[in-house]
Amino acid sequence: MNAKKLITDNLLQIVRKLMKEPVDAQVSISEKAEQGDYYTNVAFRLASILKKKPLDVAYEIKSELEKGTKSIKGTTGITGDFNSAIDRIEVANPGFVNFFLSEQYLRETAEYINKKGDKFGAGEKLKDQKVMVEFTDPNPFKEFHIGHLYSNVVGESLSRLYESQGATIWRVCYQGDVGLHVAKAIYGMQKLADQMPDESAPLSIRAQFMGEAYAQGSKDYESNENAKKEINELNKKIYEQDSSIRELYKKGREWSLEYFDSIYQRLGTGFKRFYFESEVGRVGAELVREFLKKDIFEESDGAIIFPGEKYELHNRVFINSLGLPTYEAKDLGLVPTKYKDFPYDRSIIITAQEQVEYFKVVLKALEKINPELASKTTHISHGIVKLPGGKMSSRTGEVITGEWLMDEAVSRIRKDYPEMNDKISEKVGLGAIKFAFLKSVIGRDIEFNFDESISLTGESGPYLQYTYVRTKSVIEKNHESRIMNQGKDTESALNLEELAVLRQLVHFPQIVENAQSKLSPNSVVSYLFELSQRFNLFYQKHRIAGNELRLELTRAVGHTLKNGLNLLGIETVERM
RNA sequence: GCCUUCGUAGCUCAACGGAUAGAGUGCUGGUCUUCGGAACCAGUGAUGGAGGUUCGAUUCCUCUCGAAGGCGCCA
């Protein structure tokens with residue numbers, strides 16, 4: 015199955031023969047049909063060392079390869095032999111060596127994929143690895159906005175990519191249940207007490223009330239001196255777990271968490287553990303005080319800071335002058351707490367990019383305290399979701415919530431396709447959102463415009479789901495009409511469109527592996543879209559029913575689309 | 001002021017240092033005796049600017065212009 019490995023191994027032998035020093039022989043996927051299925055640029059590297067022309071070296075490599083190629087062991091599945099997998103080798107200006115897969119190999123690929131089914135695309139690179147992934151991180155008492163939704167979609171997809179390579183994943187979520195925002199929300203709850211819904215009210219009503227309460231408290235905090243004082247007092251009470259606010263605190267926290275749970279369920283994320291700031295603050299503060307004695311931290315203006323400036327970063331306060339742990343200290347305390355629960359090989363923390371500089375400092379402090387855990391921790395940042403109408407602000411209540419976006423996408427689908435049932439429109443609507451979020455590189459901002467971003471045609475989630483449905487439908491129809499197979503058609507050459515599809519299918523496992531190591535779900539998105547394009551063109555030009563090879567190919571496309579969409583957290587439907 | 005990230009078609013996005021910079025959308029014009037038209041085909045159109053490194057630069061380095069984010073008691 016692994017043609018790339020076959021080429022690489024043979025290439026390495028040749029390189030070793032031509033060169034005294036080891037040179038890395040890279041084999042890449044070609045981008046154009048006339049450039050074959052794989053190419054290597056190794057001739058360029060050799061040329062500068064050998065002081066020859068790249069083109070001459072390329073020809074030399076080609077003839078060496080043609081002279082003696084060996085099969086390799088361990089190539090799973092089909093043809094593990096170079097000569098039957100590779101149809102021909104071509105040299106192209108100014109020194110590329112291109113490899114063309116044989117038709118036999120491509121035909122066998124479709125069979126191979128159908129045998130693998132749901133497992134096609136999976137690898138074992140990270141077998142036995144334990145990875146903890148922290149993402150979404152909304153704050154109780156505040157709303158779940160589209161930024162959280164984006165973070166969730168990114169985190170879920172990265173988790174699935176890790177899982178596809180054999181890793182054991184713990185999804186976790188870290189939430190701020192103490193702090194000024196909570197005080198603001200509780201203040202708002204008190205002020206709006208007469209509007210507070212009953213316990214028995216629907217979740218959406220209670221969640222909406224919490225959003226309003228926070229906005230109210232937030233507004234008053236800035237415009238009203240007395241309110242500000244009062245909220246600061248509330249904040250202290252929260253840390254002290256004062257009985258006067260216990261009821262409201264409990265209620266607000268529960269409502270929020272219940273609401274978040276309903277969202278995770280809808281999105282398909284199963285968190286293994288929820289962490290709260292209230293539980294890691296003390297651990298963090300103790301760590302800071304302990305290492306204050308060892309001069310890792312310093313006292314400054316009554317606070318305890320980490321002197322990031324010593325390491326070309328910036329200073330940050332870990333314990334404020336009131337003696338309370340800041341976010342920094344809490345994050346520090348979170349690390350060993352996590353590790354105790356799940357002794358990971360790698361811990362990934364996903365946040366928006368505004369925390370990039372912040373995390374550099376925290377991780378530097380961690381490095382001084384616990385180098386081992388620091389080396390296992392990676393911070394990954396994603397961009398923010400930008401709205402055309404200006405910035406989103408949760409302080410003023412001008413937010414787009416995650417739920418609103420999901421509902422809006424689903425109702426858009428319902429409007430366009432009224433006969434579709436609710437279960438399907440839900441999957442298609444969420445698919446459109448997830449696709450829109452994952453098609454760009456993680457780390458860049460997303461320019462969000464509902465009409466353009468949540469597309470139902472062209473490069474979109476629904477297009478891929480539609481293509482999947484089409485593969486299913488065609489196979490089903492073929493079955494119903496009992497069109498008998500006209501023979502396996504092994505003699506006639508594959509046509510251009512069949513070739514295009516097969517040559518795309520071959521690369522899926524490599525794309526997945528690469529997407530995991532580069533943390534780029536967007537490369538899976540591009541791949542699946544191109545596969546769909548090729549399949550739809552093939553469908554347009556050729557009749558599938560009654561032709562065994564084409565049916566086999568159609569099935570293989572179906573499996574690949576399903577597996578690929580699954581990596582993006584997008585569900586397929588059988589009908590739409 | 002300092003630090004980080006980013007400037008690619010009208011718009012939204014791609015492109016391990018590789019070949020003629022790809023898509024979607026928009027606009028123009030086409031395809032149907034429907035195995036699902038949420039489809040398919042053709043045309044249109046781009047690397048902010050100036051240097052440098054390299055066989056080769058959207059990608060790496062320097063400068064410059066522009067945008068976003070961050071910079072001790074928020075998270």
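Using the numbering used here, the letters of the first sequence map in sequence onto residues 15 to 590. Where a beta carbon is used, it is the ideal one built from N, C-alpha and C, also for glycine.
Tell me the rounded alpha-carbon separation between T392 and V147. 10 Å
Helix, strand or coil: which one does DSSP assign to I584? coil
What first and last residue would you give for the alpha helix (DSSP H) that runs through I333? Per DSSP, I333 belongs to no alpha helix (DSSP H); it is in the beta strand (DSSP E), R330 to I333.
Residues that DSSP places opposite Y289 in a beta bridge: Under the DSSP definition of a beta bridge, Y289 partners with Y188.
Coil, strand or helix - V56 by DSSP: helix
8 Å Cβ cutoff met for Y278 and F285: yes
In this structure, how does DSSP classify S361 when only helix, strand and coil are distinguished? strand
Could you pull the DSSP bridge partners for V105 from this structure? Residue pairing by DSSP places V105 opposite V111 in a beta bridge.
Buried versus exposed, by CB contacts within 10 Å (16 or more), I219: exposed
Contacts around S407, its chain only, beta-carbon distance under 6 Å, and the 5 residues preceding and following it disregarded: Unreliable positioning characterises S407 in this predicted model, as indicated by a pLDDT of 49, which lies under 50. A coordinate reading is not provided.
Would you decide whether V370 is buried or exposed? Buried here means 16 or more other CB atoms lie within 10 Å of its CB. exposed
To which residues of the same chain is H162 closer than 8 Å at the C-beta, ignoring the five residues directly before and after it? For H162, where only same-chain residues beyond five positions count, the Cβ hits under 8 Å are T150, D151, P152 and G416.
According to DSSP, which residues form a beta bridge with E148? V186 and I363
Excluding five sequence neighbours on each side, which residues of the same chain lie with their C-beta closer than 6 Å to the C-beta of I438? V587 and M590
What residue range is occupied by the uninterrupted alpha helix (DSSP H) comprising A124? E117 to K130
So L301 and K378 are supposed to be a Cβ contact under 8 Å. How far apart are they, rounded? Not quite, the Cβ-Cβ distance comes to about 14 Å (not below 8 Å), so this is no contact.
Inter-stretch contact (C-beta, 8 Å, three-pair minimum) for the segment 244-252 and the segment 185-202: yes
Can you list, in chain order, the residues of its chain with a C-beta nearer than 8 Å to that of L25? Leave out the 5 residues immediately preceding and following it. A39, V41, T54, V56, I75 and L79
Can you tell me which of the three DSSP states T22 falls into? helix
Coarse secondary structure for V37, derived from DSSP in three states: coil
Where E461 sits in the DSSP three-state scheme: strand
Local conformation of P350 per DSSP, three classes: helix
Please determine if the segment 125-145 and the segment 569-577 are in contact, where contact requires at least 3 C-beta pairs separated by less than 8 Å. yes
Residue(s) in a DSSP beta bridge with P432: Paired residues: none, contrary to the question.
Within its chain, find whatever has a CB closer than 7 Å to the CB of R330; leave out the 5 residues flanking it on each side and keep chain order. I319, F320, G322, E342 and V375
Can you check which of these residues, L32, E35 and F110, is closest to E45 by C-alpha distance? F110
Is L206 near A227, with beta carbons less than 8 Å apart? Yes; because the gap between Cβ atoms is below 8 Å, this pair is in contact.
Among K324, K352 and F158, which residue has its Cα nearest to the Cα of E272? Cα-wise, what sits closest to E272 is F158.
Hey, is the segment 163-171 in contact with the segment 451-459, meaning 3+ C-beta pairs nearer than 8 Å? Between the segment 163-171 and the segment 451-459, the count of Cβ pairs shorter than 8 Å is three or higher; the stretches touch.
Excluding five sequence neighbours on each side, which residues of the same chain lie with their C-beta closer than 7 Å to the C-beta of Y482? Scanning its chain for C-beta atoms nearer than 7 Å, with the 5 sequence neighbours on each side dropped, one finds around Y482 the residues G572, L575, K576 and T586, in chain order.
For L140, which residues in the same chain have their Cβ closer than 8 Å to its Cβ, ignoring the five residues on either side in sequence? Y176, Q179, G180, A181 and Q530
Start-to-end residues for the beta strand (DSSP E) that takes in E313: E312 to S314
Considering only residues of the same chain and omitting the five flanking positions on each side of E244, which have a CB-CB separation below 7 Å? So the qualifying residues of the chain are Y201.
Residue closest to I489, alpha-carbon to alpha-carbon, out of R548, T568 and S425: T568
So, for V538: in the same chain, excluding its five sequence neighbours on each side, which residues have a beta-carbon less than 7 Å away from its beta-carbon? I525, V526, A529, G578, L581 and L582
Just the Cα atoms here: how many angstroms apart are G231 and D421? 27 Å
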